[in-house]
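Asks: Numbering (UniProt numbering), first residue to last: 1 to 976.
Glycine included, each C-beta is placed from N, C-alpha and C at the ideal position.
This is the structure I want to talk about, given as structure tokens.
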DNA sequence: GAGCACTGC
């Protein structure tokens, strides 16, 4: 059976070879996979030509190919099923041997793992379906991929050499009757044998031709094949080369080994035209060469989004007038120039008439800064504060600063802001900007928001977890407090949804200030979006007018590769092209380096910003004219069934595609290059799934419960989380004793809710009171909640970094204690930055940990926990951790992997853990993440008795039995 | 022996 699958693969490979000139196992697999999915031959043809843009072989050939493959595929399907079955049987016998027997639970565990894998696979396939053959096409042929975007001098030579080698290979295959054909010329075996190098090849061929010829139709001809997309006619190219070769001989009397290349260059130089902007026009001398690309990415210009500038003349007049005035007056004039100003009275009227108003206005319209001021001027602050929530700390701070400036008051007096670790308000404050999470916390103290007269939820379209919860709460409050005005402000897309949610609230929309943006899609899907992005950057750099470029990538790794690649390709070019300044930016990048992107671009140079999603919302950069959007981002998803998180590269939504596009039109007309097709765009989801649907809800549930909301299933969510996720969270809280069996909040739960932490961490802190180690516990909690960015591991010093990290693990104390060691060592050095560098620890993360620790210390008092230190009793500390994390325990299996206790599933210790080599029998883990395997991160050894002692309701003795005894009893059962 | 988008309390 296996042979039929192999033969199909070989056959497909051959076919691809003849159609494309190359083939690769992954590509073969991919094509077969497509054939499996296809419903008919026509469908398959479509799929193939859509998915593999490069398969633009003549349609007849393609059709014949698909017909054939379609009849052959069923063979493979049988085969595959069979294999699967075999594997399953095999696996079953293996586990049976090892584990004794317990088929029920074993196969369930397997099913869970398999489900997960399948889900991920499906996800991967879906990703591909939207954008094309990204992953599988990637390794198709390193050379080809490289060609697509390589600048001529960098890889043209290599490319041609390879092409030629291929041609020679083909020649070799064509041997017939001891005759060797090349370009219609017969060669002897000896001559053929000498075809080691192009030079020789040309030499021989040329001589032969000269003696035989004369076929003068072979004039020097520009190979028009270059102009057609996708296909390059090798024959024509060789013709050109030969002709060129001959010319060289005649003119110079000397053989030029790169004659073919020269011909090609000449042709391209004649064809291409390097355009510079008018500002830095340069004289192009003869020996200058142009940048040309083997395969152009065809972009289709589909639409131009019009910009709208409200009352341009009026605005400029106002600005003109304001020049001569004082700073404060000028600010007032500027305020009047904002688009929102002309709608001021209507807006105030609408707010007067309705309790809830949905406001739609694009960024830059001034809604965040102006509306609260208008309301203040209209006297709303006499009854109470005006609150305005922002999803981000920086936004809250900077907007507050701006408004206080405009109003001519000191920040923190009439205008203030409130964010975690920093409350910049006073009794005088009437305009309060804050993060949405902060308002959520305020709800705990003031459930009816009595001190507020107006509440504005800004950037509602972002749908952060906190805003989503706020919606439900605020809607409820508004019903009981008719005097409370509610403003929901959002970008265009969701407006109606918001309006529906708030009982058909009126939508008040006004234009922002925006310039037209031209949107370009690719004609065919790009196999590798990274290469396509690099190509597009270079293309823009060479061909388009001055203006900075912005590239959206998914993560640090991608940014680094693209940066390297761009540097490499522009390096050897010196002054031949304008300078390209590459600015990477992602959240983990040290702040000093981040600020680089805000430096103005020097005259004559061009800046290219490589950014993650951080730029989609969090920061704006001026002067961006071109946006390159590959259409992907990393997204976290959560599986409540297994409690596993995973971070996957996923296609973005239409909403974020448009958000990204908008980055181009801030300061002038711009262009957006989407590295996917119009069809792909139409297939995208309208909106990104709100966070509430893809996250662990334990914390949310705890907050809602402590606000007195009991029936969570009936809570008015704008998008309800799955009941499964809610139940999972409730169960967890119940097992932590934060809820009683009726689902009511316990005293313990109320104390836990005070901490801005995951419930399990909060529980560990509350429990540390009993073990007299609260001092240590809050340090650990702070370190854990800064995340995984504590250790710094540069690529070139991985060994050193790993050694430094292992120093904290001496005695195999486990990762939690290691984190404590890190914190304490840092504290002992007086919070030294130098110490951090020496130990490969990130200063920024440590400072954050210190802030969090300080906050937690303050909260200890509030919930009545004494700050006690018990540094030498590691067991107590571990027991305190266990009190919070007992649901996250795992037992070592005989095969060296672990198995979590509830729900049972396979897991491994993450290699970055200090215990990765130690493999204790029982472990506790902080989180379970699915990447290539299910990994437990931050692991500490555990004694199984603790589980039974600390959480008797959760673990019965039989759960916590050692694998040895378990095996025995299982064996006995089997015998019975 | 592995890779971590972005927020927020």
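Among the residues of its own chain, which have a CB less than 6 Å from the CB of residue 227, if the five just before and after it don't count?
Replies: In this predicted model, residue 227 has a pLDDT of only 37, less than 50, meaning its place in the structure is not dependable; the value taken from the coordinates is given anyway. So the list is empty, once near-sequence residues are dropped.
Asks: Give me the Cβ distance between residue 761 and residue 884, rounded to the nearest whole Å; I'm assuming they're in contact under 8 Å.
Replies: Residue 761 to residue 884, Cβ: 6 Å. Contact.
Asks: Is residue 92 helix, strand or coil by DSSP?
Replies: Any reading at residue 92 must be qualified, since the residue scores a pLDDT of 35, below 50, and its modelled position is unreliable; the value itself is stated next. Helix at residue 92.
Asks: Could you tell me which of 527, 488, 342, 394 sits nearest to residue 501, measuring between CA atoms?
Replies: Nearest of 527, 488, 342, 394 to residue 501, Cα basis: 488.
Asks: Grouping DSSP H, G and I as helix and E and B as strand, with all else coil, what is residue 952?
Replies: Reduced to three states, the DSSP call for residue 952 is coil.
Asks: Assess contact between the region 519 to 535 and the region 367 to 386, defined as three or more Cβ pairs (one per stretch) separated by less than 8 Å. Is contact present?
Replies: Contact between the region 519 to 535 and the region 367 to 386 is absent, because fewer than three Cβ pairs lie under 8 Å.
Asks: Can the beta-carbon of residue 359 be found closer than 8 Å to that of residue 454?
Replies: Result no, Cβ atoms of residue 359 and residue 454 do not sit closer than 8 Å.
Asks: Would you kindly report the start and end of the unbroken beta strand (DSSP E) that includes residue 768?
Replies: Segment 759 to 771 is the alpha helix (DSSP H) holding residue 768; no beta strand (DSSP E) there.
Asks: According to DSSP, residue 632 sits in a beta bridge with which residue or residues?
Replies: Beta-bridge pairing links residue 632 to 651.
Asks: Could you tell me whether the Cβ atoms of residue 581 and residue 594 are closer together than 8 Å?
Replies: No, these two residues do not count as a Cβ contact at 8 Å.
Asks: Using DSSP with H/G/I as helix, E/B as strand and the rest coil, what is residue 711?
Replies: In this structure, residue 711 counts as coil in the three-state DSSP scheme.
Asks: In its own chain, which residues sit with a C-beta less than 7 Å from the C-beta of residue 954, not counting the 5 before and 5 after it?
Replies: So the qualifying residues of the chain are 735, 886, 887.
Asks: For a minimum of 3 consecutive residues, which ranges assigned as the beta strand (DSSP E) are wholly contained in the region 575 to 640?
Replies: Whole beta strand (DSSP E) segments, 3+ residues: 580 to 585, 606 to 611, 624 to 629, 632 to 639.
Asks: Identify, in the order they occur along the chain, each residue of the same chain with its Cβ nearer than 8 Å to the Cβ of residue 413, setting aside the five sequence neighbours on each side.
Replies: Answer for residue 413: 404, 426, 428, 429, listed in chain order.
Asks: Using DSSP with H/G/I as helix, E/B as strand and the rest coil, what is residue 330?
Replies: DSSP places residue 330 in helix when its eight states are reduced to three.
Asks: Provide the residue span of the alpha helix (DSSP H) that contains residue 706, from first to last.
Replies: Counting along the chain, the alpha helix (DSSP H) containing residue 706 begins and ends at 698 to 706.
Asks: Give a yes or no on contact between the region 776 to 793 and the region 866 to 882, applying the rule of three or more CB pairs nearer than 8 Å.
Replies: The region 776 to 793 vs the region 866 to 882: in contact.
Asks: Using a Cβ-Cβ cutoff of less than 7 Å, which residues in the same chain neighbour residue 515 once the five nearest sequence positions on both sides are dropped?
Replies: Contacts found: 307, 665, 668, 669, 670.
Asks: How many Å lie between residue 747 and residue 862 at the Cα?
Replies: Roughly 14 Å between the two C-alpha positions.
Asks: Residues in the same chain with beta-carbon distance under 6 Å from residue 231, minus the five sequence neighbours each way, listed in chain order, please.
Replies: Any reading at residue 231 must be qualified, since the residue scores a pLDDT of 40, below 50, and its modelled position is unreliable; the value itself is stated next. Nothing listed; no residue qualifies.
Asks: With a CB to CB cut of under 6 Å and the five nearest residues on each side skipped, what residues in its chain are close to residue 732?
Replies: Excluding residues within five positions, the ones whose Cβ falls inside 6 Å are 698.
Asks: Tell me, to the nearest whole angstrom, how far the beta carbon of residue 438 is from that of residue 419; I am working on the premise that it is less than 8 Å.
Replies: So it is a contact: roughly 6 Å between Cβ atoms.
Asks: Going by beta carbon distance, what residues of the same chain come within less than 8 Å of residue 614, once the five residues before and after it are set aside?
Replies: Once the five neighbours on either side are set aside, the close Cβ partners of residue 614 are 585, 586, 587.
Asks: Cα-Cα, which of 478, 477, 457 is closest to residue 468?
Replies: The residue with the shortest Cα to Cα distance from residue 468 is 457.
Asks: Pop quiz: residue 372 and residue 462 are said to be a contact at Cβ under 8 Å. What is the actual Cβ separation, rounded to whole angstroms?
Replies: No, residue 372 and residue 462 are not in contact; Cβ-Cβ is about 19 Å, not under 8 Å.
Asks: Where residue 691 and residue 930 are concerned, what is the direct C-alpha to C-alpha distance, given to the nearest angstrom?
Replies: Distance between the alpha carbons of residue 691 and residue 930: 18 Å.
Asks: Could you give the DSSP three-state label for residue 12: helix, strand or coil?
Replies: In this structure, residue 12 counts as helix in the three-state DSSP scheme.
Asks: In whole angstroms, what is the alpha-carbon distance linking residue 681 and residue 608?
Replies: Using only the alpha carbons, I get a separation of about 24 Å.
Asks: Got a sec? Which residues, its chain only, sit under 6 Å from residue 433 by beta carbon, not counting five neighbours each side?
Replies: Answer for residue 433: 388, 396, 399, 400, 417, listed in chain order.
Asks: Of all the alpha helix (DSSP H) runs that stay within the bounds of the region 418 to 492, which reach a length of 4 or more residues?
Replies: Segments of the alpha helix (DSSP H) lying fully in the region 418 to 492: 436 to 445, 465 to 480.
Asks: For residue 544 and residue 601, I'd like the C-alpha separation in whole angstroms.
Replies: Using only the alpha carbons, I get a separation of about 16 Å.
Asks: Leaving out the 5 sequence neighbours to the left and right, which residues in its chain are closer than 8 Å to residue 583 when beta-carbon positions are compared?
Replies: So the qualifying residues of the chain are 596, 597, 607, 608, 609, 610.
Asks: Let me know if residue 936 comes out buried or exposed under the rule of 16 or more other beta-carbons within 10 Å of its beta-carbon.
Replies: With 16 or more Cβ atoms within 10 Å of its Cβ, residue 936 is classed as buried.
Asks: Can you list, in chain order, the residues of its chain whose CB lies under 8 Å from that of residue 897, leaving out five sequence neighbours each side?
Replies: Hits under 8 Å: 906, 907, 908.
Asks: Report back the beta-carbon spacing between residue 914 and residue 809 to the nearest angstrom; my notes put them in contact at under 8 Å.
Replies: Indeed they touch by this definition, with Cβ atoms about 3 Å apart.
Asks: Terminal residues of the continuous beta strand (DSSP E) containing residue 356?
Replies: Element bounds for residue 356: 356 to 360.
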